[in-house]
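Asks:
Number of protein chains: 2
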Amino acid sequence: MPSPDPGRRNERSRRAILAAALELLGETTYAELTVEAIAARAGVGKQTIYRWWRGKGAVILDALSETAATDVALPDTGDLRADLRAVIRATVAEFADPRLSATTRALTIETLSDDALAEQVRDRLLRPQLDAVKARLRAAPEVRPGVDIDQAVELLFGPIYHRWMLRTGPLTESYADGLVELALAALR
Amino acid sequence: MPSPDPGRRNERSRRAILAAALELLGETTYAELTVEAIAARAGVGKQTIYRWWRGKGAVILDALSETAATDVALPDTGDLRADLRAVIRATVAEFADPRLSATTRALTIETLSDDALAEQVRDRLLRPQLDAVKARLRAAPEVRPGVDIDQAVELLFGPIYHRWMLRTGPLTESYADGLVELALAALR
Numbered sequence: 001m002p003s004p005d006p007g008r009r010n011e012r013s014r015r016a017i018l019a020a021a022l023e024l025l026g027e028t029t030y031a032e033l034t035v036e037a038i039a040a041r042a043g044v045g046k047q048t049i050y051r052w053w054r055g056k057g058a059v060i061l062d063a064l065s066e067t068a069a070t071d072v073a074l075p076d077t078g079d080l081r082a083d084l085r086a087v088i089r090a091t092v093a094e095f096a097d098p099r100l101s102a103t104t105r106a107l108t109i110e111t112l113s114d115d116a117l118a119e120q121v122r123d124r125l126l127r128p129q130l131d132a133v134k135a136r137l138r139a140a141p142e143v144r145p146g147v148d149i150d151q152a153v154e155l156l157f158g159p160i161y162h163r164w165m166l167r168t169g170p171l172t173e174s175y176a177d178g179l180v181e182l183a184l185a186a187l188r
Numbered sequence: 189m190p191s192p193d194p195g196r197r198n199e200r201s202r203r204a205i206l207a208a209a210l211e212l213l214g215e216t217t218y219a220e221l222t223v224e225a226i227a228a229r230a231g232v233g234k235q236t237i238y239r240w241w242r243g244k245g246a247v248i249l250d251a252l253s254e255t256a257a258t259d260v261a262l263p264d265t266g267d268l269r270a271d272l273r274a275v276i277r278a279t280v281a282e283f284a285d286p287r288l289s290a291t292t293r294a295l296t297i298e299t300l301s302d303d304a305l306a307e308q309v310r311d312r313l314l315r316p317q318l319d320a321v322k323a324r325l326r327a328a329p330e331v332r333p334g335v336d337i338d339q340a341v342e343l344l345f346g347p348i349y350h351r352w353m354l355r356t357g358p359l360t361e362s363y364a365d366g367l368v369e370l371a372l373a374a375l376r
C-alpha cells in the first residue's frame, strides 16, 4: 500500500485551516478568535498552524486573500461611472458591515504594528483590487491624459478609509455615489 | 503663610506632564514611551498621571491636541490653491516625518482599539483642522455650489492616509501639490 502523499495531506490541512478561520470569523469577533479555536475546528494541532503561520493575523490574511482574489471582478461595461459605482458601493458596504469592519479594523491594527504583515496585506489583499481599478481608469476615455493613476485610485478609496477610521459620516450608497461623482469630476 | 493653591499646583503638574510626554516622544519611540518615564521627567508620581489619564495614549492625545490647536493656522490669502497647498504640504510632511509618523501610527492603533479615545482624537486633534479647511472651502468662490463639504475635505485628506497606511507611494511636496490639483478639479 502506498503511503499517503504528504504534499496532498498538507494542502488538505491548509485548506481546512483557512476555511475554519473564515467560519469562526463569521461566528465570533476577531479579538475573540484564537489559534486554538481555528486548530480545533480544522481538526489539526495548534503546532500545525504555527508551523505555517506566525499567528492569527497571518492566517486571516491568507484566508481573506484567497477569497479576495475571486472577489475583485471589477465590471467593465464600457460605462466608467457605472463600473466605479459598482466597485465603490461594494467597498463602502464592506466597511459599513459591522463584522467585516471589525475584521478590517483588526487587520489594520496588525498591519500598523507589523511591517511584514503590512506588506502582505497591501500586496495580496488590496493590490489586486487597486490594480484592477487602475487598469480600468487607464483605459477609460473619460479620464484625461496626464492624470496620475496612483493618485486617482487613492482619490476613490482614501476618502472611504478616512470616513471609516474617523467615523465622521455615514457609509451609504448615496455617499458612495457622491464620491464617484467627485472623483470623476477630478479625473475628467 | 497661605497654603499653596492646589488648583495652581495641579495645573503646574499637568503642564509638566504634557511637556515631559512631548519631550520624551522626541527622544524615544511611542512604543518605548512609558508612563513611568513621563512621571520621572515631570517630577511627579506615576499615580498622579493615572489620576488624570487612563494611559500614555490619553496623555499624548492631550499633549498633541494642545499643540495642534495653535498649529492649525490655515492661511486665507484669498487664493484657494495656495492655501490648500500650504495645508496639504504641511500635512504630507507630518506623515512623511519618521518620528511624527510613528506617533500617528501608535495613536491610530490606539484609536482603532478604543472607541472613547477615537472620539477624542477625532474631535480634539483632527476636527479643528478639518473644520478650518471646511470653512475655507465653504467660503471659496472657486468651489461650485452644491458640493458636499464633508466629502470635499475627505477628498483632500483621505488619500494621504491611504498612501501613508499602505505605503504605496512617496509623500513629497509634488505629491501634495498633485493631490490639491485633483481635489480642485473635483470641486470646481
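Keeping their order, the protein sequence lines are chains A and B.
Final position of the first sequence in the numbering used here is 188; the numbers increase by one with none missing.
Final position of the second sequence in the numbering used here is 376; the numbers increase by one with none missing.
Here a beta-carbon is modelled for each residue, glycine too, at the ideal position from N, C-alpha and C.
Since glutamine 317 (chain B) meets chain A, which of its residues come closer than 8 Å, beta carbon to beta carbon?
Replies: By Cβ distance, chain A contributes nothing, its closest Cβ being about 12 Å from glutamine 317 (chain B), past 8 Å.
Asks: Per the contact definition of three or more C-beta pairs closer than 8 Å, is the region 320 to 333 of chain B in contact with the region 268 to 278 of chain B?
Replies: Yes, they touch.
Asks: Per DSSP, what kind of secondary structure is proline 263 (chain B) in: helix, strand or coil?
Replies: If DSSP states are grouped into helix, strand and coil, proline 263 (chain B) belongs with coil.
Asks: With a threshold of 8 Å between beta carbons, is proline 347 (chain B) in contact with chain A?
Replies: Yes, because at least one Cβ of chain A sits closer than 8 Å to the Cβ of proline 347 (chain B).
Asks: Step through the CB atoms of chain A and report whether any lies within less than 8 Å of the CB of arginine 269 (chain B).
Replies: No, no contact with chain A.
Asks: Measuring straight from C-alpha to C-alpha, what distance separates valine 147 (chain A) and threonine 34 (chain A)?
Replies: Between valine 147 (chain A) and threonine 34 (chain A), the C-alpha separation is close to 45 Å.
Asks: By how many angstroms is the C-alpha of leucine 125 (chain A) removed from the C-alpha of leucine 314 (chain B)?
Replies: For leucine 314 (chain B) and leucine 125 (chain A), the distance between alpha carbons rounds to 29 Å.
Asks: If alanine 290 (chain B) sits next to threonine 217 (chain B), beta carbons under 8 Å apart, how far is it from one beta carbon to the other, in whole angstroms?
Replies: That belief holds up - the Cβ atoms of alanine 290 (chain B) and threonine 217 (chain B) are roughly 6 Å apart, short of 8 Å.
Asks: Mind checking the region 321 to 346 of chain B against chain A and listing, in chain order, the residues whose C-beta falls within less than 8 Å of any C-beta there?
Replies: Listed by position, the residues of the region 321 to 346 of chain B near chain A (Cβ gap below 8 Å) are Val335, Asp336, Asp338, Gln339, Ala340, Glu342, Leu343, Phe345 and Gly346.
Asks: Taking threonine 91 (chain A) as the reference, which of A:Arg188, A:Ile160 and A:Gln151 has the closest Cα?
Replies: Among A:Arg188, A:Ile160 and A:Gln151, the Cα nearest to that of threonine 91 (chain A) belongs to A:Ile160.
Asks: For alanine 152 (chain A), which residues of its own chain have a beta-carbon under 8 Å away from its beta-carbon, when the five flanking residues on both sides are left out?
Replies: Within the same chain, alanine 152 (chain A) has close Cβ partners Lys134, Leu137, Val143, Ala183, Ala186 and Leu187.
Asks: Measuring only the C-alpha atoms, how far is alanine 230 (chain B) from alanine 204 (chain B)?
Replies: Going from the Cα of alanine 230 (chain B) to the Cα of alanine 204 (chain B) covers about 5 Å.
Asks: Secondary structure at alanine 328 (chain B), three-state DSSP: helix, strand or coil?
Replies: Of the three classes helix, strand and coil, the one that applies to alanine 328 (chain B) here is coil, per DSSP.
Asks: Closest Cβ-Cβ distance between alanine 228 (chain B) and chain A: below 8 Å?
Replies: No, its Cβ sits nowhere closer than 8 Å to a Cβ of chain A.
Asks: Glutamate 154 (chain A): buried (16+ other C-beta within 10 angstroms of its C-beta) or exposed?
Replies: Under this definition glutamate 154 (chain A) is a buried residue.
Asks: Let's test the definition: count the other Cβ atoms within 10 Å of the Cβ of tyrosine 50 (chain A) and tell me whether it reaches 16, buried, or not, exposed.
Replies: Exposed, since its Cβ has fewer than 16 Cβ neighbours within 10 Å.
Asks: Quick check: what's the CA-CA separation for alanine 116 (chain A) versus valine 180 (chain A)?
Replies: Straight-line Cα distance between these residues: approximately 32 Å.
Asks: Would arginine 105 (chain A) and tryptophan 52 (chain A) be called neighbours here (beta carbons separated by less than 8 Å)?
Replies: Not closer than 8 Å, so no.
Asks: Using a C-beta to C-beta distance shorter than 9 Å, which residues of chain A count as neighbours of isoleucine 248 (chain B)?
Replies: The contacting residues do not exist; isoleucine 248 (chain B) stays about 15 Å from chain A at best.
Asks: Use the C-beta contact count for aspartate 62 (chain A): other C-beta atoms within 10 angstroms, 16 or more gives buried, fewer gives exposed.
Replies: Per the 10 Å Cβ criterion, buried.
Asks: Once the 5 residues before and after leucine 359 (chain B) are set aside, which same chain residues still bring their CB inside 7 Å of it?
Replies: Cβ within range, chain order: Val280, Phe283, Ala284, Arg351 and Trp352.
Asks: Roughly how many angstroms separate the alpha carbons of valine 232 (chain B) and aspartate 302 (chain B), rounded to a whole number?
Replies: Whole-angstrom Cα-Cα distance: 27 Å.
Asks: How is the alpha helix (DSSP H) around valine 280 (chain B) delimited, first residue to last?
Replies: Valine 280 (chain B) -> alpha helix (DSSP H) spans 268 to 284.
Asks: Using 8 Å as the limit for Cβ to Cβ distance, is threonine 103 (chain A) near chain B?
Replies: Answer no: the Cβ-Cβ gap between threonine 103 (chain A) and chain B never drops below 8 Å.
Asks: Using C-beta distances below 8 Å, list every residue in its chain close to arginine 273 (chain B), excluding the 5 sequence neighbours before and after it, in chain order.
Replies: For arginine 273 (chain B), where only same-chain residues beyond five positions count, the Cβ hits under 8 Å are Ala364, Asp365 and Val368.
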